[in-house]
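In my numbering, the protein residues as written are 18 to 175. First the structure, in the form of structure tokens, and then the observations on it.
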Amino acid sequence: MIEKVRDSIYRSVYKGQEISFKLLDIKESDHMWIIGSEQRGKELHIEFETTNEETTDMQYCANLLNALKEASKENEFSVVFGRFILEIIFKLNERVTIRFSGNNVRAELESSDGKTRIAETSFYADGMSVLDELDRLFLKLGEDTENLWICSDFEDER
Numbered sequence: 018m019i020e021k022v023r024d025s026i027y028r029s030v031y032k033g034q035e036i037s038f039k040l041l042d043i044k045e046s047d048h049m050w051i052i053g054s055e056q057r058g059k060e061l062h063i064e065f066e067t068t069n070e071e072t073t074d075m076q077y078c079a080n081l082l083n084a085l086k087e088a089s090k091e092n093e094f095s096v097v098f099g100r101f102i103l104e105i106i107f108k109l110n111e112r113v114t115i116r117f118s119g120n121n122v123r124a125e126l127e128s129s130d131g132k133t134r135i136a137e138t139s140f141y142a143d144g145m146s147v148l149d150e151l152d153r154l155f156l157k158l159g160e161d162t163e164n165l166w167i168c169s170d171f172e173d174e175r
């Protein structure tokens, strides 16, 4: 369960590991609406409180994604932050922004040439499979492409 620790700091526990994050903002989405209404969905912008070792630890990042998926299934974000939270947005590291919604993860990689590469996965079993798949997709995009995105449903041959 997500609990408020202080001011804009929240904590969730996933498999015994505490995951703390700071609420940055709740914004109206510019691309998601509530079905059957004219009301826009909401984006929850957060920043995870991590140490330098954690941000480079693939298992920690995988646990972040797993914790988000579990909390989304239980509808915890809507309960804690208000109705219609459809997307959670955060930086995985300096260059990668994650847009998480349900079983969909969209990663936006800011390259050194100022262009953005986008990779998206549509379903996953666990966080580590998402990280592996995003790595594969970003390698497939390569550094010499312009503003491309690629989507995967994990059925490609490896």
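Glycine included, C-beta positions come from ideal geometry on N, C-alpha and C.
- Considering only Ser-95, Arg-123, Glu-20 and Phe-98, the residue with the shortest C-alpha distance to Ile-106 is Arg-123.
- 8 Å or more divides the Cβ of Ile-43 from the Cβ of Phe-94.
- Only residues of its own chain outside the window of five on either side were considered, and among them Met-145 have a CB closer than 8 Å to the CB of Gln-76, listed in chain order.
- Under the DSSP assignment, Lys-39 falls in the beta strand (DSSP E) whose first and last residues are 34-50.
- Spanning the alpha carbons of Asp-152 and Glu-20 requires a straight line of approximately 32 Å.
- Each residue's CA atom was taken as its position, placing Phe-101 and Phe-155 some 31 Å apart.
- Assignment of Ser-25 by DSSP, reduced to helix, strand and coil, places it in the coil class.
- For Val-147, the number of other beta carbons within 10 angstroms of its own is at least 16, and it is reported as buried.
- Comparing C-alpha distances from Asn-83 to each of Asp-24, Tyr-141, Asp-149 and Glu-150 shows the shortest one belongs to Tyr-141.
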